[in-house]
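Undergrad:
Number of protein chains: 2
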Amino acid sequence: MESLLRYDRSVTYHHGDLRRTLLAETASAIADDGVAKLSMRALAKRAGVSNAAPTYHFGDKSGLLTALAAEGFDLLAEAMAGVDDDGGLIDRGVAYVEFALARPSHFTVMFQPRLLHDDDAELVAARQRAWAALSVGVAKTRSEPDSDFGVAAWSIVHGYATLVLSGAVEPDDVLKQARIVAGHLVEGADTDR
Amino acid sequence: MESLLRYDRSVTYHHGDLRRTLLAETASAIADDGVAKLSMRALAKRAGVSNAAPTYHFGDKSGLLTALAAEGFDLLAEAMAGVDDDGGLIDRGVAYVEFALARPSHFTVMFQPRLLHDDDAELVAARQRAWAALSVGVAKTRSEPDSDFGVAAWSIVHGYATLVLSGAVEPDDVLKQARIVAGHLVEGADTDR
DNA sequence: GGCCTATCTTTTCATTGTAAAGATTCGTCG
DNA sequence: CGACGAATCTTTACAATGAAAAGATAGGCC
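So the protein lines, in turn, are chains A and B.
Residue numbers for the first sequence follow the numbering used here, so the first one is 1 and each next one is one higher.
Residue numbers for the second sequence follow the numbering used here, so the first one is 194 and each next one is one higher.
1) Nearest chain B C-beta to A152 (chain A) closer than 8 Å, yes or no?
2) What is the rounded straight-line gap between the Cα of L282 (chain B) and the Cα of L327 (chain B)?
3) Could you tell me if Q128 (chain A) is buried or exposed, where buried requires 16 or more neighbouring beta carbons within 10 angstroms of its beta carbon?
4) Taking a contact to mean a Cβ-Cβ separation below 8 Å, would you say A100 (chain A) touches A161 (chain A) in this structure?
5) Restricting to runs no shorter than 4 residues, where is the alpha helix (DSSP H) found entirely within the region 220-294 of chain B?
6) Given that a residue counts as buried once 16 or more other Cβ atoms are within 10 Å of its Cβ, and exposed if not, what is S39 (chain A)?
7) What do you get for R41 (chain A), buried or exposed, if any count of 16 or more other CB atoms within 10 angstroms of its CB means buried?
8) For D8 (chain A), count the other beta carbons within 10 Å of its own beta carbon; 16 or more makes it buried, fewer makes it exposed. Which is it?
9) Pull up the distance between the alpha-carbon of N244 (chain B) and that of L116 (chain A), whole angstroms please.
10) According to DSSP, simplified to helix, strand and coil, what is L185 (chain A)?
11) Between G376 (chain B) and T141 (chain A), what straight-line distance do the alpha-carbon atoms span, to the nearest angstrom?
12) In chain B, which residues lie less than 8 Å from V36 (chain A) when you measure between Cβ atoms?
13) Go ahead and pull the three-state DSSP assignment for V362 (chain B).
14) Could you give the residue range of the alpha helix (DSSP H) that holds F300 (chain B)?
15) Taking 8 Å as the cut-off, decide whether the C-beta atoms of E291 (chain B) and L368 (chain B) are in contact.
16) Roughly how far, in whole angstroms, is the beta-carbon of G93 (chain A) from the beta-carbon of V157 (chain A), given that I think they are within contact range, below 8 Å?
17) Under 8 Å by Cβ, that's how I've got H299 (chain B) and G343 (chain B) pegged, so tell me the actual separation to the nearest angstrom.
18) Let me confirm a value: A102 (chain A) is counted as buried when at least 16 other C-beta atoms fall within 10 Å, else exposed. Which label applies?
19) According to DSSP, simplified to helix, strand and coil, what is K176 (chain A)?
20) What is the DSSP secondary structure of D148 (chain A), counted as helix, strand or coil?
21) Just to confirm my understanding: we take L76 (chain A), look at its own chain, exclude 5 residues before and 5 after, and list those with CB closer than 6 Å. What are they?
22) What in chain A is Cβ-close to T334 (chain B), meaning under 7 Å?
23) Closer than 7 Å, Cβ to any Cβ of chain B: which residues of the region 158-171 of chain A, in chain order?
24) Do you know how far the Cα of D86 (chain A) is from the Cα of L316 (chain B)?
25) Among A:A36, A:E144, A:T108 and A:A178, which has the Cα closest to the Cα of S359 (chain B)?
26) Do you know how far the Cα of V181 (chain A) is from the Cα of P247 (chain B)?
27) Which residues in chain B sit within 7 Å of V194 (chain A), going by Cβ to Cβ distance?
28) Assign R19 (chain A) to one of three DSSP states: helix, strand, or coil.
29) Start and end of the alpha helix (DSSP H) containing R114 (chain A)?
30) Determine the DSSP secondary structure at T334 (chain B), reduced to helix, strand or coil.
31) Cα separation between A272 (chain B) and V331 (chain B)?
32) Does any residue of chain A bring its CB to less than 8 Å from the CB of Q370 (chain B)?
33) Compare the C-beta of V94 (chain A) against all C-beta atoms of chain B and say whether one is closer than 8 Å.
34) Where does A288 (chain B) land, buried or exposed, given buried means 16+ other C-beta within 10 angstroms?
35) Within 8 Å of any Cβ in chain B, is that where the Cβ of F111 (chain A) sits?
36) Let me know if D148 (chain A) comes out buried or exposed under the rule of 16 or more other beta-carbons within 10 Å of its beta-carbon.
Below, the structure is given as C-alpha cells:
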C-alpha cells in the first residue's frame, strides 16, 4: 500500500532538485574533463552542497555513474523511438550517432560496465528498454532482430560514434559522414552460416 | 655523438627490467579490474619496488598509460602487418578484432585520449605507424585510403570489438561472428558525395 | 679508484572516496 | 496545531591515493 504523494520524493527535497542537479553536473563535468577526473567532492561543491550529499543519493561514485548510465539508456531508447516510422535503417543509425555526440558523457559511461554497478535494477531495466528499441529498429528493415546483421549494423554506427568521440576520426560534417558510413552496410553477403 | 652501450639503458638497470615489468603488470591489472581501479602504489608493490619507482619511469599515471597506449599502437601495427598479403579486407578486419581481444588493456587505453598525454612524442609516432598500417590494409583493396569507405571499414570492426569488450555482445565464437559482421560491408553505395 | 648519473627509496602533503553520527526539514497523523 | 518519524543534508574522521622533494645506492666511464 503506497500512499499518494503530491510529487516524486526521489527527485524533490530540501535542496530542491539535488539528484537531478547532480546528474546534470556529472554529465557536464565528464564532458569537460573525462570520467577519470570526476570528483565527488568537486561535484558537491559545484552543486552548493556538502561532501557527503552526493553519497547519500547514489551510495557511491559507481552508483552515481550507474544512474547516469541508466538515464543514458532511457535517452537512447527515446531517441530511437523518435525516428520516423518510414525512415530506414540508415536514419536510425544516424540517430544513434547523433545521440552519442549529443550526450557524450552518458554514452561513454553506458559502455563501461567496470565503472558501474552492472546488476543495478534500474540500470538493467533501462538497458533492456534501449536494446528493445534498437531491435525494433532493425526488425523494421525486414531482418531478424539479434541477427548477425543486427550486430553488424549496431557495430558500424557504434564504432563510428566511438572513433569520432575519441578524436580518431575528425570529419567536417559528422552526421553527413555518419550517413555515408552507415550506407556501406548491406544485408546479404553471408559468408558462412 | 652517442656512446656505444652494451644494452638499452631505458629498459635495463638495477631492478633488471622495471619499465617493462611495470607495463606488463599494468596491462594485467587493467584487464582484471579496469583502468579506474589502477593504482600506482599497488602496482609498485606487485613489482616489488617502492611507491615512487613507477613515477620515476613514467612521470605520472598518465605517462604510464601513455606508454601503454604507445606500445598498443605498435602492437596493432605489427598485427596488421602480419596479415597475409593476399588476404582481403575481411581478414584484416578480423585481425583488428583479434588484436583488440588479445590486448584489451592496450586497446581500451589507446582510444581514451583523456587518460593520456596525447601529444607525447612516442605516442604520436606509434599512432601514426598504426594509422599507416591500417591505411595500407584498406588501400590493398583498391580503395582510396582515408576515404569514407576506409572509415566505414574501420568503424565496423572497431565497433564490434568495442561492443564485445563491453559485454554488450556475447557471441559463441567471436572471430567467426567478426568475420560475418565484417562481411556485411560493401564498397559501392555512395548516397551523396 | 673516484666521479657522474641513472635508478630507486623514504618521507611528506594535499586530495579523494566513503563511513558514521549528528542536525535539519518535510510530510503525516493524531 | 503540534509532535513524531523519516527523508535529506552536514560535520567529522580515516585510510588510500598521486605526486613532489630530497636523499641513498649502484653501475658505468675516465
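Glycine residues also receive a C-beta, built at the ideal position from the N, C-alpha and C atoms.
TA: Once the coordinates are examined:
1) Taking the first sequence and counting its residues from 1, the one referred to as residue 152 (chain A) is at position 152. Yes, contact with chain B.
2) Sequence index remark: in the second sequence, residue 282 (chain B) carries index 89 (1-based). Sequence index remark: in the second sequence, residue 327 (chain B) carries index 134 (1-based). Going by the C-alpha atoms only, they are around 10 Å apart.
3) Within the first sequence, numbered from 1, the residue matching residue 128 (chain A) stands at position 128. Answer is exposed; the Cβ neighbour count stays below 16.
4) Translated into the one-based positions of the first sequence, residue 100 (chain A) becomes position 100. Translated into the one-based positions of the first sequence, residue 161 (chain A) becomes position 161. A contact, by the Cβ cut-off of 8 Å.
5) 233-240, 246-251 and 254-274
6) By one-based count along the first sequence, residue 39 (chain A) stands at place 39. Classification of S39 (chain A): exposed, given that the 10 Å Cβ count is below 16.
7) One-based indexing of the first sequence puts residue 41 (chain A) at position 41. Exposed: under 16 other Cβ atoms inside 10 Å.
8) Counted from its first residue, the first sequence places residue 8 (chain A) at position 8. For D8 (chain A), the predicted model reports a pLDDT of 39, less than 50, meaning its position is unreliable and no value from the coordinates is stated.
9) Working through the second sequence from its first residue, we reach residue 244 (chain B) at position 51. Working through the first sequence from its first residue, we reach residue 116 (chain A) at position 116. Between N244 (chain B) and L116 (chain A), the C-alpha separation is close to 28 Å.
10) Looking up residue 185 (chain A) in the first sequence gives position 185. Looking at L185 (chain A) - three-state DSSP - the assignment turns out to be strand.
11) Within the second sequence, residue 376 (chain B) is the residue found at index 183, counting from 1. Within the first sequence, residue 141 (chain A) is the residue found at index 141, counting from 1. Cα to Cα, G376 (chain B) sits roughly 18 Å from T141 (chain A).
12) By one-based count along the first sequence, residue 36 (chain A) stands at place 36. It is worth fixing the name first, because residue 36 (chain A) is Ala in this sequence and not Val. Neighbours of A36 (chain A) on chain B, chain order: V228, A229, R307 and L308.
13) Within the second sequence, numbered from 1, the residue matching residue 362 (chain B) stands at position 169. V362 (chain B): coil per DSSP, three-state reduction.
14) Here residue 300 (chain B) is taken as the residue at index 107 of the second sequence, counted from 1. Run containing F300 (chain B): P297 to M303, per the alpha helix (DSSP H) assignment.
15) Locating residue 291 (chain B) in the second sequence gives position 98, where the first residue counts as 1. Locating residue 368 (chain B) in the second sequence gives position 175, where the first residue counts as 1. In this structure, L368 (chain B) lies closer than 8 Å to E291 (chain B) by Cβ.
16) Your numbering for residue 93 (chain A) matches position 93 in the first sequence. Your numbering for residue 157 (chain A) matches position 157 in the first sequence. At roughly 4 Å, the Cβ-Cβ gap stays under 8 Å, so G93 (chain A) and V157 (chain A) are in contact.
17) Here residue 299 (chain B) refers to the residue found at position 106 of the second sequence. Here residue 343 (chain B) refers to the residue found at position 150 of the second sequence. At roughly 22 Å, the Cβ-Cβ gap does not stay under 8 Å, so H299 (chain B) and G343 (chain B) are not in contact.
18) As a working mapping, residue 102 (chain A) is identified with position 102 in the first sequence. Result: exposed.
19) Counting from 1 along the first sequence, the entry for residue 176 (chain A) is found at position 176. Helix.
20) As a first step, residue 148 (chain A) must be located in the first sequence, where it is residue number 148. Three-state result, D148 (chain A): helix.
21) For the purposes of this step, residue 76 (chain A) is taken as residue 76 along the first sequence, with counting starting at 1. Result list for L76 (chain A): F99 and A130, in chain order.
22) If you number the second sequence from 1, residue 334 (chain B) lands on position 141. In chain order: nothing, as chain A lies at least about 13 Å away.
23) H158, G159, Y160, T162, L163, S166, G167, A168 and V169
24) For the purposes of this step, residue 316 (chain B) is taken as residue 123 along the second sequence, with counting starting at 1. For the purposes of this step, residue 86 (chain A) is taken as residue 86 along the first sequence, with counting starting at 1. Approximately 46 Å, taken between the alpha carbons.
25) As a working mapping, residue 359 (chain B) is identified with position 166 in the second sequence. Closest option to S359 (chain B), Cα to Cα, is A:T108.
26) Taking the second sequence and counting its residues from 1, one reaches residue 247 (chain B) at position 54. Taking the first sequence and counting its residues from 1, one reaches residue 181 (chain A) at position 181. The alpha-carbon atoms of P247 (chain B) and V181 (chain A) are separated by roughly 42 Å.
27) With chain A running from 1 to 193 in the structure shown, residue 194 (chain A) is simply not present.
28) For this step, residue 19 (chain A) is matched to residue 19 along the first sequence. Helix, per DSSP.
29) Taking the first residue of the first sequence as position 1, residue 114 (chain A) is located at position 114. Where R114 (chain A) is concerned, there is no enclosing alpha helix (DSSP H), given that its DSSP letter is neither H nor E.
30) Along the second sequence, one-based indexing puts residue 334 (chain B) at 141. In this structure, T334 (chain B) counts as coil in the three-state DSSP scheme.
31) Within the second sequence, residue 272 (chain B) is the residue found at index 79, counting from 1. Within the second sequence, residue 331 (chain B) is the residue found at index 138, counting from 1. Each residue's Cα considered, the two are about 15 Å apart.
32) Translated into the one-based positions of the second sequence, residue 370 (chain B) becomes position 177. Yes, Q370 (chain B) counts as interfacial toward chain A.
33) Numbered from 1 along the first sequence, position 94 holds the residue referred to as residue 94 (chain A). V94 (chain A) does not count as touching chain B.
34) For the purposes of this step, residue 288 (chain B) is identified with residue 95 of the second sequence, where counting begins at 1. Counting Cβ neighbours within 10 Å, A288 (chain B) comes out buried, since at least 16 surround it.
35) Taking the first residue of the first sequence as position 1, residue 111 (chain A) is located at position 111. Output row for F111 (chain A): interface = yes.
36) Your numbering for residue 148 (chain A) matches position 148 in the first sequence. D148 (chain A) is buried by the Cβ-count criterion.
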